[in-house]
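Heads up: the sequence lines are chains A and B, in that order. Counting in this note's numbering, the first sequence tops out at residue 342, every number present. Counting in this note's numbering, the second sequence tops out at residue 342, every number present. Report on the structure given below.
Number of protein chains: 2
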Amino acid sequence: MNDDKTTRTTVRNITDLARLAGVSAGTVSRALAGKSLVNAKTRERIEALAREHGFRPNQMASGLRRQKTSVVGVIIPLGHDVRQQISDSFFMTLLGHLADELTHEGYDLMLRRVVPDNDPDWLDRFIGSGMIDGVIVIGQSDQFDRIEDVADGYNPMVVWGNHTEGQRHCVVGTDNRLGGRLAAERLIAAGARRLAFLGDTTAIEFAARFAGAQDAARRLGIGPIMALPTHLSPERASAEIAAHLAAHAGAIDGIFAATDTLAALCLTELRGHGFAVPEAVKLVGFDDLPIARQTVPPLTTVRQDIAAGARALVDLLLRRLAGETTESLVLPPELVVRKTA
Amino acid sequence: MNDDKTTRTTVRNITDLARLAGVSAGTVSRALAGKSLVNAKTRERIEALAREHGFRPNQMASGLRRQKTSVVGVIIPLGHDVRQQISDSFFMTLLGHLADELTHEGYDLMLRRVVPDNDPDWLDRFIGSGMIDGVIVIGQSDQFDRIEDVADGYNPMVVWGNHTEGQRHCVVGTDNRLGGRLAAERLIAAGARRLAFLGDTTAIEFAARFAGAQDAARRLGIGPIMALPTHLSPERASAEIAAHLAAHAGAIDGIFAATDTLAALCLTELRGHGFAVPEAVKLVGFDDLPIARQTVPPLTTVRQDIAAGARALVDLLLRRLAGETTESLVLPPELVVRKTA
DNA sequence: GACTCATTTGCAAACGATTGCAAGATTCCG
DNA sequence: CGGAATCTTGCAATCGTTTGCAAATGAGTC
Numbered sequence: 002m003n004d005d006k007t008t009r010t011t012v013r014n015i016t017d018l019a020r021l022a023g024v025s026a027g028t029v030s031r032a033l034a035g036k037s038l039v040n041a042k043t044r045e046r047i048e049a050l051a052r053e054h055g056f057r058p059n060q061m062a063s064g065l066r067r068q069k070t071s072v073v074g075v076i077i078p079l080g081h082d083v084r085q086q087i088s089d090s091f092f093m094t095l096l097g098h099l100a101d102e103l104t105h106e107g108y109d110l111m112l113r114r115v116v117p118d119n120d121p122d123w124l125d126r127f128i129g130s131g132m133i134d135g136v137i138v139i140g141q142s143d144q145f146d147r148i149e150d151v152a153d154g155y156n157p158m159v160v161w162g163n164h165t166e167g168q169r170h171c172v173v174g175t176d177n178r179l180g181g182r183l184a185a186e187r188l189i190a191a192g193a194r195r196l197a198f199l200g201d202t203t204a205i206e207f208a209a210r211f212a213g214a215q216d217a218a219r220r221l222g223i224g225p226i227m228a229l230p231t232h233l234s235p236e237r238a239s240a241e242i243a244a245h246l247a248a249h250a251g252a253i254d255g256i257f258a259a260t261d262t263l264a265a266l267c268l269t270e271l272r273g274h275g276f277a278v279p280e281a282v283k284l285v286g287f288d289d290l291p292i293a294r295q296t297v298p299p300l301t302t303v304r305q306d307i308a309a310g311a312r313a314l315v316d317l318l319l320r321r322l323a324g325e326t327t328e329s330l331v332l333p334p335e336l337v338v339r340k341t342a
Numbered sequence: 002m003n004d005d006k007t008t009r010t011t012v013r014n015i016t017d018l019a020r021l022a023g024v025s026a027g028t029v030s031r032a033l034a035g036k037s038l039v040n041a042k043t044r045e046r047i048e049a050l051a052r053e054h055g056f057r058p059n060q061m062a063s064g065l066r067r068q069k070t071s072v073v074g075v076i077i078p079l080g081h082d083v084r085q086q087i088s089d090s091f092f093m094t095l096l097g098h099l100a101d102e103l104t105h106e107g108y109d110l111m112l113r114r115v116v117p118d119n120d121p122d123w124l125d126r127f128i129g130s131g132m133i134d135g136v137i138v139i140g141q142s143d144q145f146d147r148i149e150d151v152a153d154g155y156n157p158m159v160v161w162g163n164h165t166e167g168q169r170h171c172v173v174g175t176d177n178r179l180g181g182r183l184a185a186e187r188l189i190a191a192g193a194r195r196l197a198f199l200g201d202t203t204a205i206e207f208a209a210r211f212a213g214a215q216d217a218a219r220r221l222g223i224g225p226i227m228a229l230p231t232h233l234s235p236e237r238a239s240a241e242i243a244a245h246l247a248a249h250a251g252a253i254d255g256i257f258a259a260t261d262t263l264a265a266l267c268l269t270e271l272r273g274h275g276f277a278v279p280e281a282v283k284l285v286g287f288d289d290l291p292i293a294r295q296t297v298p299p300l301t302t303v304r305q306d307i308a309a310g311a312r313a314l315v316d317l318l319l320r321r322l323a324g325e326t327t328e329s330l331v332l333p334p335e336l337v338v339r340k341t342a
């Protein structure tokens, strides 16, 4: 009387279910995994019972035994600017797309944000945890070398970031240097002659954008571009931009912002300081985030295809999980001309 | 000669390391877990070896044995508006804060976005996977009832969303109704009389904001507020807002947008249609996202304290993991007056 | 030296699912 | 009806770590 079948019997594991179904644990496992080796009727009976009791095989145990977790790690190193987290909607958007793509491929996503300065071991620790089948690193930050080290001994890793000649880790990213060139060319074509770059060049992606802009300036016979170091978090950035503007008032007539977020803030500050955009100062951003459409005037910017980037990251990672070794992928940036330059 | 100790010996598990250290697996386990039962010298030797070989205990195995994974699930149901994902920077910001808080407490974060319509079992499936110790649900979407059902049998769950009298699941969220009231009161105080609400009232949070606004209108003797259903994704929203404006041209002089994102889009459309803000039409948003500061003119809005929300979610979840049963927490919204109303 | 008591250790049984192997049950064919 | 071929199923080992229990060691006391 204590095991009336209609009573809620707690089914904690495959063995409980096996007992209920009157078969062995192995059979239940095979039935639930959808293998062909099990009789159709038996399978149905087991599936019905599983449904009825809301039973799902424990993924930890399964992962342990199969040596495969079906979880992909996504890690964001916050190296050069710890507070970027809140501001950078670019990374967050990329993350959203990654979640969609991975889900679609049957993987779960384990997210970790780390401050490499506090924890030099950040990447190995994640990989060595045994919880993930592979890892996607979002942004190289200032950790290029460490990522290179890891890449030598660990195959299923793909990185979003900048591509450098001869690097050993597989990276997906926009051609930042070309993007920087496009931005500067546009500023110059719009009439700007005294250019400045707004952003923190410690981050390798930003450095590349800056370098590209300088290439263009040099080639077109324009003087060197002034670097105006600026953090990404809105709280700090606003003040820093204001300071830059105060210091270099009339000496600038074209600004290339490392990010649309920075560009938008810069636009606000420019207005506050009484500079007309684009008449007095031209401005170009980077990313083409939704905000670029909504500023006044709307922002001329360099577009990165975030969705395509996410697709590529996942695709390459899956190939690597399957044993291939894949090449890096550099995506072309695209100049979007709106009203600020 | 094939096991020269200085040669890279692959240490795959605790047993390998035990062999190297000349002790048993159990001792290694205790040493690495920092238990007091192991001799100081032995521990040091083991730790040194572990470091040298970059060994870390497998979390899957550990989780299986201890019945505790140190992973918290974060799940985003995309019920009422599947494409909200890309746009809603509110959720993404919340997610960022959650990641920080959880990391700080020694938990990892497993992220999953689901479309409940395609998978009615979304929540049980996540919980039953055995991969997570507890779950944080971001947004109730249109899944209130299902969440209630689950809450009855599963304790370690906390939800971000709207609080309803007598509900059974533990929720953290802003007092949306009060927020809506504040917004409407501000619009009316600024002189608006014919109000509209911009947003999709299928989402329970938005419905509460709408209801709060209606309370205020009624109490102040203003006519009913017109509901203008609008999706959250920028692509669809822009067109929908334009259509609303075209249809109800002069019949509106005050708009309460369910979200700052919508408010910003609305501002752009209003400008496009030649309406002066705040002179012809007053506008109030919700959230106080960074963008609210940057629109032209800057947006009057109702602030939600996202960081505090994330802290509360994690705090309550940890308490529930420890066995407590916790009450819901309703956070007070705050009106931030800028220039649009 | 015999005794107790506290430290350290090893042993082996879990945790829950998967899977190679072999045995049992069926079917098929002559 | 015998025997081979094909399906199904059960058994038991395995994934890597943790932990209760008991044994071994060492220290301290009279």
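A virtual CB, placed ideally from N, CA and C, is assigned to each residue, including glycine.
The DSSP-derived three-state label of isoleucine 133(A) is coil. Against chain B, a Cβ distance below 8 Å from glycine 200(A) picks out nothing, because the smallest value is about 17 Å. Around the Cβ of aspartate 146(B), a 10 Å sphere holds fewer than 16 other Cβ atoms; the residue is exposed.
Of all residues in the segment 286 to 305 of chain A, only Pro291, Ile292, Arg294, Gln295, Thr296, Val297, Pro299 come within less than 9 Å of chain B when Cβ atoms are compared, listed by chain position. In this structure, tryptophan 123(B) lies near proline 78(B), with their beta-carbon atoms less than 8 Å apart.
Just measuring C-alpha positions, the residue of Leu246(A), Ala259(A), Phe257(A) sitting nearest histidine 274(A) is Leu246(A). In this structure, the straight-line span from the alpha carbon of leucine 38(A) to that of alanine 26(A) is close to 14 Å. In the three-state scheme derived from DSSP, where H, G and I count as helix and E and B as strand, glutamate 106(A) is classed as coil.
One Cα belongs to proline 299(A), the other to alanine 238(B), and the distance between them is close to 18 Å. Chain-ordered, the chain A residues with CB closer than 9 Å to the CB of proline 235(B) read Pro291, Arg294, Gln295. Judged by DSSP secondary structure, arginine 52(A) falls within the alpha helix (DSSP H) whose first and last residues are 41 to 54.
In this model, leucine 318(A) and glycine 64(A) are separated by some 19 Å (Cα to Cα).
Residue environment for aspartate 153(B): exposed (fewer than 16 other C-beta atoms within 10 angstroms of its C-beta). In the structure shown, the three-state DSSP call for threonine 262(A) is helix.
Look at glutamine 144(B): its C-beta is not under 8 Å from any C-beta on chain A. Taking the CA atoms as reference points, valine 337(B) sits about 37 Å from asparagine 119(A). Distance from the CA of aspartate 201(B) to the CA of threonine 260(B), rounded to the nearest whole angstrom, comes to 10 Å. Within its own chain, the residues whose Cβ lies closer than 8 Å to the Cβ of aspartate 176(B), once the five positions on either side in sequence are excluded, are His164, Val331, Leu332, Pro333, Pro334, listed in chain order.
Those residues of the segment 107 to 126 of chain B placed with their C-beta closer than 7 Å to a C-beta in chain A are Asp109, Leu110, Met111, Leu112, Arg113, Arg114, Asp125, Arg126, ordered along the chain.
Glutamate 166(B) sits in coil when the DSSP states are folded into three classes, being neither helix nor strand.
DSSP, reduced to helix, strand and coil, places proline 78(B) within a strand of the structure shown. Glycine 213(B) sits close to glycine 180(B), with the two beta carbons spaced by under 8 Å. For alanine 240(A), the enclosing alpha helix (DSSP H) has its first and last residue at 235 to 248. Distances from the alpha-carbon of histidine 249(A) to those of Val151(A), Leu271(A), Val73(A), Ser130(A) put Leu271(A) closest.
The continuous alpha helix (DSSP H) containing threonine 16(B) extends over residues 15 to 22. A contact between stretches requires three or more CB pairs, one per stretch, nearer than 8 Å, and the segment 90 to 98 of chain B fails this requirement with the segment 14 to 22 of chain A.
Excluding sequence positions up to five before and after leucine 199(A), its CB lies within less than 8 Å of the CB of Leu229, Thr231, Ile242, His245, Ile256, Phe257, Ala258, Ala259, Leu263, Ala264, Cys267, all in the same chain and listed in chain order. Shown here, isoleucine 148(A) sits in a helix according to DSSP, grouped into three states. Taking leucine 112(B) as the centre and dropping the five residues before and after it, the same chain places the C-beta of Val75 closer than 7 Å to its C-beta, in chain order. The C-beta of leucine 314(A) comes no closer than 8 Å to any C-beta of chain B. The beta carbon of glutamine 60(A) sits closer than 8 Å to some beta carbon of chain B. In the DSSP annotation of this structure, the continuous segment of the beta strand (DSSP E) that includes threonine 301(A) starts and ends at 301 to 304. Of all residues in the segment 244 to 273 of chain A, the ones placed with a Cβ closer than 9 Å to any Cβ belonging to chain B are Thr262, Ala265, Leu266, Leu268, Thr269, Arg272, in chain order. When only Cα atoms are considered, alanine 184(A) and aspartate 216(B) end up about 50 Å apart. Looking at the DSSP output, aspartate 288(A) shares a beta bridge with Arg304(A).
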